[in-house]
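Visitor: Numbering (full-length UniProt numbering), first residue to last: 1 to 299.
Let me give you the structure first, and then I'll get to my questions.
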Amino acid sequence: MKVAITGGSGFVGQEITKQLADKGHEVYILSRSDKPSNDIVHMVKWLGDDAKPEEQLENIDAWINLAGSSINEGRWTEEQKQKIYDSRMKATDEVLRIIGAVTKKPSVLINASAIGIYPTSEQATYTEHSSSRGEDFLAKTVEDWEKKALEAEQFGTRVACGRFGIILGKVQGALPQMALPYKMGVGGKVGSGNQWVSWVHVSDVAKSILYAIEHDDFNGPFNVTAPDSKQMHDFGKILGEVLHRPHWMPVPAFALKLVLGEKSQLVLKGQRVLPEKLLLHGFKFTYPDLRDALKNIYA
1 MKVAITGGSG
11 FVGQEITKQL
21 ADKGHEVYIL
31 SRSDKPSNDI
41 VHMVKWLGDD
51 AKPEEQLENI
61 DAWINLAGSS
71 INEGRWTEEQ
81 KQKIYDSRMK
91 ATDEVLRIIG
101 AVTKKPSVLI
111 NASAIGIYPT
121 SEQATYTEHS
131 SSRGEDFLAK
141 TVEDWEKKAL
151 EAEQFGTRVA
161 CGRFGIILGK
171 VQGALPQMAL
181 PYKMGVGGKV
191 GSGNQWVSWV
201 HVSDVAKSIL
211 YAIEHDDFNG
221 PFNVTAPDSK
231 QMHDFGKILG
241 EVLHRPHWMP
251 VPAFALKLVL
261 GEKSQLVLKG
271 QRVLPEKLLL
281 HGFKFTYPDL
291 RDALKNIYA
């Protein structure tokens with residue numbers, strides 16, 4: 001199988017590329033810069049004035065679109081929020097243009113999304129059947145992103161949108177920042193500690209995307225979270241135990257708001273989101289338990 005990935009050099013993209021390569025698939029990573037290719041991973045230039053990626057992507061079987069500015073970078077100024085939003089729309093528009101330009105259309109497009117589409121709550125539990133939508137910046141961004149991706153259906157391409165939770169990995173993602181206070185011996189609950197953390201191991205993110213590609217009846221939104229959501233206090237306690245560090249020093253909400261501004265909602269608020277669709281389809285998580293996931297990461 002030949003798979004094209006936008007955003008393939010990022011945190012999730014690297015893990016997907018590894019799993020695809022391990023299964024013997026060919027990977028085409030779209031990049032703004034010229035990078036060397038090999039027998040398994042082919043680098044394709046895109047989003048440049050002289051770029052014509054469609055010439056190298058005529059026989060792609062599946063697309064994975066992860067492209068967009070990271071929500072973790074920088075303070076959420078109005079300018080940064082616009083960059084986060086526009087980067088996703090622009091990249092997806094280009095994916096749609098390329099699919100429209102090639103003769104052989106890919107059978108499936110897996111588009112990244114986020115559980116931020118759901119409202120924050122300490123009481124509610126959300127699945128793919130939940131109709132509630134958040135009203136903040138992140139919710140609007142991912143809702144519009146999903147709508148844009150679904151336009152690929154006009155080409156006869158199946159579309160599925162993976163709503164990622166908090167993705168855990170040792171070097172990238174949110175976990176290194178969450179673990180740092182514990183490594184310094186000053187870890188503790190953040191804010192009230194009651195907010196939900198719907199987490200997922202990066203290996204299971206990649207595994208779920210490959211699963212969605214391989215199953216023709218898998219379409220629409222699907223939650224990419226482990227079935228073991230934790231409230232922040234419990235998450236931190238388990239993290240401290242795995243790192244052999246104390247869980248004792250609370251971080252007040254006002255301090256995070258002062259430092260991070262609007263972006264503080266990523267850690268001060270949360271949602272309990274369950275991967276109902278994956279579970280009903282028979283998907284097996286490699287790391288369904290938080291303690292096991294963290295032990296693997298910090299082994």
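Each residue gets a CB set at the ideal place from its N, CA and C atoms; glycine is no exception.
What are the complete beta strand (DSSP E) segments, minimum 3 residues, inside the region 110–169?
Guide: The qualifying runs are 158–164, 166–168.
Visitor: In chain order, what residues of the same chain lie with their CB nearer than 7 Å to the CB of GLY188, ignoring the 5 residues before and after it?
Guide: Residue mapping note: residue 188 aligns to position 188 of the sequence shown, counting from 1. So the qualifying residues of the chain are GLY236, HIS247, TRP248, MET249, PRO250, VAL251.
Visitor: Buried or exposed for LYS277, please, with buried defined as at least 16 other CB atoms from any protein chain shown within 10 angstroms of its CB.
Guide: The residue you call residue 277 lines up with position 277 of the sequence shown. With 16 or more Cβ atoms within 10 Å of its Cβ, LYS277 is classed as buried.
Visitor: Contact between the region 48–67 and the region 98–111: three or more CB pairs below 8 Å?
Guide: yes
Visitor: Since TYR28 and LEU57 should fall inside the 8 Å C-beta cutoff, what is the C-beta to C-beta distance between them, to a whole number of angstroms?
Guide: To locate residue 28, count along the sequence shown from 1; it is residue 28. To locate residue 57, count along the sequence shown from 1; it is residue 57. Their Cβ separation, rounded to whole angstroms, is 6 Å, which keeps TYR28 and LEU57 in contact under 8 Å.
Visitor: Any idea what DSSP makes of VAL205, helix, strand or coil?
Guide: Walking along the sequence shown from the start, residue 205 turns up at place 205. Correct three-state label for VAL205: helix.
Visitor: For HIS42, which beta-bridge partners are listed by DSSP?
Guide: Counted from its first residue, the sequence shown places residue 42 at position 42. HIS42 is bridged to TYR28.
Visitor: Which word fits PRO275, buried or exposed, when buried means at least 16 other C-beta atoms lie within 10 angstroms of its C-beta?
Guide: The count along the sequence shown starts at 1 and reaches residue 275 at position 275. Looking at its Cβ environment, which holds 16 or more other Cβ atoms inside 10 Å, PRO275 is buried.
Visitor: Please give the ranges of any beta strand (DSSP E) in the region 221–250, keeping only runs that are unbroken, at least 3 residues long and fully inside the region.
Guide: none
Visitor: Are the beta-carbon atoms of VAL267 and TYR118 separated by less than 8 Å?
Guide: Looking up residue 267 in the sequence shown gives position 267. Looking up residue 118 in the sequence shown gives position 118. Going by C-beta atoms, VAL267 is not nearer than 8 Å to TYR118.
Visitor: Please classify GLU135 as buried or exposed, where buried requires at least 16 neighbouring CB atoms within 10 angstroms.
Guide: Against the sequence shown, residue 135 aligns to sequence position 135. It is exposed - the Cβ of GLU135 has fewer than 16 other Cβ atoms within 10 Å.
Visitor: Skipping 5 residues on each side, what residues in its chain have a beta carbon closer than 8 Å to that of PRO181?
Guide: For the purposes of this step, residue 181 is taken as the residue at position 181 of the sequence shown. Only residues of its own chain outside the window of five on either side were considered, and among them GLY187, GLY188, MET249, VAL251 have a CB closer than 8 Å to the CB of PRO181, listed in chain order.
Visitor: Taking contact to mean at least 3 C-beta pairs separated by less than 8 Å, is the region 167–181 in contact with the region 189–206?
Guide: yes
Visitor: Please state the DSSP three-state secondary structure of ALA51.
Guide: Numbered from 1 along the sequence shown, position 51 holds the residue referred to as residue 51. DSSP places ALA51 in coil when its eight states are reduced to three.
Visitor: Give the DSSP-derived three-state secondary structure of THR6 in the structure shown.
Guide: Along the sequence shown, one-based indexing puts residue 6 at 6. Strand at THR6.
Visitor: What's the C-alpha gap between GLY8 and GLN231?
Guide: Here residue 8 is taken as the residue at index 8 of the sequence shown, counted from 1. Here residue 231 is taken as the residue at index 231 of the sequence shown, counted from 1. Straight-line Cα distance between these residues: approximately 31 Å.
Visitor: Between GLU185 and ARG245, how many whole angstroms is the CB-CB distance? I'm expecting something under 8 Å.
Guide: Here the question's residue 185 lines up with position 185 in the sequence shown. Here the question's residue 245 lines up with position 245 in the sequence shown. According to the sequence as given, residue 185 is Gly; it is not Glu. Confirmed, about 6 Å.
Visitor: Mind checking whether PRO221 and SER113 have CB atoms under 8 Å apart?
Guide: Counted from its first residue, the sequence shown places residue 221 at position 221. Counted from its first residue, the sequence shown places residue 113 at position 113. Yes, the Cβ-Cβ distance between PRO221 and SER113 is below 8 Å.
Visitor: Out of LYS263, GLY48, ILE297, point me to the one whose CA is closest to TRP76's CA.
Guide: Start at 1 with the first residue of the sequence shown, and residue 76 comes out as number 76. It is LYS263.
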